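Protein chains in written order, with the working numbering: chain A, 22 to 506; chain B, 21 to 464.
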């Protein structure tokens, strides 16, 4: 993406958003003849009333809604919010000043990414924070040039001056759902990483237990129950275990963990295309909606992405459910077809292996499940104003929290599957793993070593999470066998 | 061969078709000739596998579940089919609505007609015969996980086979299946051959049947709500903040649900599946019974209903608040339904508990998700009845009583009567008039 992206208010794509997230974005230019939506075509029945009849100065009105303490969201969310805000401002350029558009353009082209506070938990609060950052509120923070800086520092470095807003302009800006939309896009990107990573965990697990691969047969998915998502997952797994000698009848016989031919593996393994596929669909449904929303940023009311975010959370929890059960199987010699009990590397009894590490996945899963309650479970009409309180923002927060927990559960699964692979390989040294799963193990081992004796578990677990969160093994596998679907 | 008015082919069955067929609007349902030929062809392979030196094929010459490693001879297998539905036919609680179980027979026949299951066309025709006669298996409503509705579908298989203890609902009465068949001049017993029990039981067809009626009820209730809006706005304009936004969002999300449920009608969900290869067929095993997306979208449906319920309650409140209509009792009973709907929002799909000695260690709970969605829809139906009751009372106060009759011509209720009775009367009327199907039948 080297050519400048000519934004006209209606031409932003989800691919552009993905490129921005990946740091590959091109310079933004404003299309010379962009379409301007006239003021009166905008629904304005729900403009926030905070600016009306308020005697405070405009920044003070915004400050009323903003907290300056607590943790920060990843700066990419602030950056994506700015792109959405810019695109929408171009579309409705009659409603904002040129100086404002130039300010946002300056931020995005200089990759100044606002770091929004997690405690600003409504769209109005978050958009107010964004507006204050653009204005030049000294104590708020941005990510710029590889560093977190206060806006005060940033403005001194760059020579930017404080921006002034009209009340109409501030009302227009703070009424938009840019931040929840940005959070949703960020969540989708993470969901895509997680669903692919879960497929990798399965490929590694299959090697460790010398799994039966018929359940991933192309025909079951293309002919039997032809959901595209299910077809994709089965293909990913097949590609990763291609040429594996472990996942064959010969491998199973040589290892000696089975009594006779393996008929089929447990559901948490053989239902992977169906279950991981279903989870992918929850992401796909949200993605289709966001593809529309990014060029028509809704005003403060946007229930549909909220429903779909809640559904994505359910899907991600289910991915946690199935992952936790897979890691559980690796603990038990019978369920793992002969791997050492508790995946102990050597001298069992003295060395303890993975039971407590696996139980952590169970505990984290319980935490994850608490996020399942959808926001529709609660009454949404404000008891005083009688206005409907849209909960899309709350749903976006929830899905981001779910992602962080799922990173950990998959990290544990990958940690244990890698251990299982190495222990299987120790017994069948002459056998080879599949091309993708072998690479996954190799890359994972650059970060977390085989556990042979009792050692401090937590640092390994934290590193395993990092490997998942940063997509390190995913990148390695894709470099080796091409992009996963 | 008898003439049919609508043929299933395994690829084109929709929610609409099923509702029409259940209501008798499609006439007799039959099996499309090309589908029959597909089934004949794959069945021949099963026959070949019953010979000597056959490979191990799960469900053809093995036991089921965690007895999958036990080999069974073809002779044992035929005998086995006469008893194996029994231990699978688990279930507790009240009987599912016969309308639902009857529809499951049609949906399953469609699944089998795709030809990947290796059953005889005669089996499919037997199922359609039962459906066409209006016979519904008697199936209790609790116990299935949705990772295969083994319990409910084993009941269906018992009925199809005419096992002695199988029971059905026919014409509003519960009776032994054999007695029912006999009275209708049908074969009392239909011998199930190899693979034909598993091919009927594996998969989540009862979940699907419930999901079908959930979709149908939702469609009907959306249109009922619009009609009530006409009554409500007679001579006044009650505005609920953001109602249009919510309606638009619900419509778009419901389109996803409907697409998914329609897609799932035309899939193959048993195990193993037979695929054509150069010299016949190959049996491939997988987890085809998983219906992940259906569980998810049923949970989504519950979410949509809850958001609607929020504003329906707000509308009812408005009538009291802004018009001073005395509807405290209606508000009381309506609010209880809103709470029911809200509490049903807890997603079934976000949970999973391992079953069967850890062999089935991830389950969808899609059966629970569908049950829950249909229950929420019934509560929503009652909530709309409360709204219409409140509107009728308000119109009565304003002297606009006729408007209710214009929009709901044969609704005959007394707006001056007790509120709870009024809402119940409207609820009953809506169920009848719009063919709204509840999870549990009132029939005892």
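Beta carbons are placed, not taken as given, at the ideal position from N, Cα and C, and that holds for glycine.
Every value quoted in this text rests on a predicted model; they were computed, and no experiment measured them.
Please go through the same chain and pick out, in chain order, the residues whose beta-carbon is closer than 8 Å to the beta-carbon of residue i, but skip the five residues on each side of it.
{"i": "residue 34 of chain A", "result": "312 and 315"}
{"i": "residue 160 of chain A", "result": "89, 171, 172 and 173"}
{"i": "residue 460 of chain B", "result": "114, 115, 116, 117 and 161"}
{"i": "residue 24 of chain A", "result": "47"}
If I'm right that residue i touches residue j with Cβ under 8 Å, what's the distance once you round it to whole angstroms?
{"i": "residue 165 of chain B", "j": "residue 383 of chain B", "result": "4 Å"}
{"i": "residue 308 of chain B", "j": "residue 291 of chain B", "result": "5 Å"}
{"i": "residue 198 of chain A", "j": "residue 323 of chain A", "result": "5 Å"}
{"i": "residue 443 of chain B", "j": "residue 405 of chain B", "result": "5 Å"}
{"i": "residue 201 of chain B", "j": "residue 182 of chain B", "result": "6 Å"}
{"i": "residue 175 of chain A", "j": "residue 155 of chain A", "result": "So it is not a contact: roughly 11 Å between Cβ atoms."}
{"i": "residue 98 of chain B", "j": "residue 82 of chain B", "result": "So it is not a contact: roughly 15 Å between Cβ atoms."}
{"i": "residue 201 of chain A", "j": "residue 413 of chain A", "result": "5 Å"}
Run through DSSP, which three-state label would residue i get?
{"i": "residue 451 of chain A", "result": "coil"}
{"i": "residue 186 of chain A", "result": "coil"}
{"i": "residue 232 of chain A", "result": "coil"}
{"i": "residue 187 of chain B", "result": "strand"}
{"i": "residue 140 of chain B", "result": "coil"}
{"i": "residue 156 of chain B", "result": "strand"}
{"i": "residue 294 of chain B", "result": "strand"}
{"i": "residue 136 of chain A", "result": "strand"}
{"i": "residue 78 of chain B", "result": "coil"}
{"i": "residue 111 of chain B", "result": "coil"}
{"i": "residue 171 of chain A", "result": "strand"}
{"i": "residue 375 of chain B", "result": "strand"}
{"i": "residue 149 of chain A", "result": "helix"}
{"i": "residue 462 of chain A", "result": "helix"}
{"i": "residue 195 of chain B", "result": "strand"}
{"i": "residue 433 of chain B", "result": "coil"}
{"i": "residue 323 of chain A", "result": "coil"}
{"i": "residue 105 of chain B", "result": "helix"}
Less than 7 Å between C-beta atoms, sequence neighbours within five positions excluded: which residues of the same chain meet that for residue i?
{"i": "residue 486 of chain A", "result": "428, 429 and 432"}
{"i": "residue 112 of chain B", "result": "160, 162 and 163"}
{"i": "residue 436 of chain B", "result": "416"}
{"i": "residue 63 of chain A", "result": "With a pLDDT of 45 at residue 63 of chain A, under the threshold of 50, the predicted position of this residue should be treated as unreliable, and no value is reported."}
{"i": "residue 349 of chain A", "result": "379"}
If we ignore side chains and look at the alpha-carbon of each, how far apart do residue i and residue j end up?
{"i": "residue 262 of chain A", "j": "residue 260 of chain B", "result": "56 Å"}
{"i": "residue 450 of chain B", "j": "residue 456 of chain B", "result": "7 Å"}
{"i": "residue 128 of chain B", "j": "residue 303 of chain B", "result": "20 Å"}
{"i": "residue 115 of chain B", "j": "residue 453 of chain B", "result": "23 Å"}
{"i": "residue 314 of chain B", "j": "residue 388 of chain B", "result": "11 Å"}
{"i": "residue 236 of chain B", "j": "residue 318 of chain A", "result": "33 Å"}
{"i": "residue 246 of chain B", "j": "residue 265 of chain B", "result": "15 Å"}
{"i": "residue 216 of chain B", "j": "residue 143 of chain B", "result": "8 Å"}
{"i": "residue 418 of chain B", "j": "residue 252 of chain B", "result": "12 Å"}
{"i": "residue 211 of chain B", "j": "residue 299 of chain B", "result": "29 Å"}
{"i": "residue 64 of chain B", "j": "residue 234 of chain B", "result": "38 Å"}
{"i": "residue 446 of chain B", "j": "residue 433 of chain B", "result": "7 Å"}
{"i": "residue 69 of chain B", "j": "residue 176 of chain B", "result": "26 Å"}
{"i": "residue 139 of chain B", "j": "residue 130 of chain B", "result": "12 Å"}
{"i": "residue 471 of chain A", "j": "residue 138 of chain A", "result": "39 Å"}
{"i": "residue 351 of chain B", "j": "residue 184 of chain B", "result": "50 Å"}
{"i": "residue 488 of chain A", "j": "residue 182 of chain A", "result": "41 Å"}
Considering only residues of the same chain and omitting the five flanking positions on each side of residue i, which have a CB-CB separation below 6 Å?
{"i": "residue 298 of chain A", "result": "248, 250, 251 and 254"}
{"i": "residue 31 of chain B", "result": "286"}
{"i": "residue 507 of chain A", "result": "The structure shown has nothing for residue 507 of chain A, since chain A only spans 22 to 506."}
{"i": "residue 110 of chain A", "result": "117 and 122"}
{"i": "residue 222 of chain B", "result": "168, 290, 291 and 309"}
{"i": "residue 305 of chain B", "result": "78, 291 and 292"}
At a CB distance below 8 Å, what residues from the region 108-119 of chain B approach chain A? Give them in sequence order. Correct list: empty, as no residue qualifies.
Between the region 69-103 of chain A and chain B, which residues of the former have a C-beta closer than 8 Å to a C-beta of the latter? For the region 69-103 of chain A, which is checked against every Cβ of chain B, not one residue is closer than 8 Å.
With 8 Å as the C-beta to C-beta threshold (strictly closer), list the residues of the region 190-216 of chain A near chain B in chain order. Interface annotation for the region 190-216 of chain A against chain B: empty, criterion Cβ-Cβ distance under 8 Å.
Closer than 7 Å, Cβ to any Cβ of chain B: which residues of the region 229-244 of chain A, in chain order? For the region 229-244 of chain A, the set of positions with a beta-carbon nearer than 7 Å to some beta-carbon of chain B reads 235, 236, 238, 240, 241 and 244 in chain order.
By the 7 Å beta-carbon criterion, what residues does the region 295-324 of chain B contribute toward chain A? Going along the region 295-324 of chain B in chain order, one finds 295, 304, 305, 306, 307, 308, 310, 312, 313, 316, 319, 320, 323 and 324 with a Cβ nearer than 7 Å to chain A.
Check distances from the C-beta atoms of the region 381-406 of chain B to those of chain A and list, in chain order, the residues that come in under 7 Å. Correct list: 381 and 382.
Note down, in chain order, all residues in the region 63-79 of chain B with a beta-carbon under 9 Å from any beta-carbon belonging to chain A. Going along the region 63-79 of chain B in chain order, one finds 76 and 78 with a Cβ nearer than 9 Å to chain A.
Give, in chain order, every residue of the region 195-206 of chain B whose Cβ lies closer than 8 Å to some Cβ of chain A. When CB distances to chain A are screened at a threshold of 8 Å, not a single residue of the region 195-206 of chain B falls below it.
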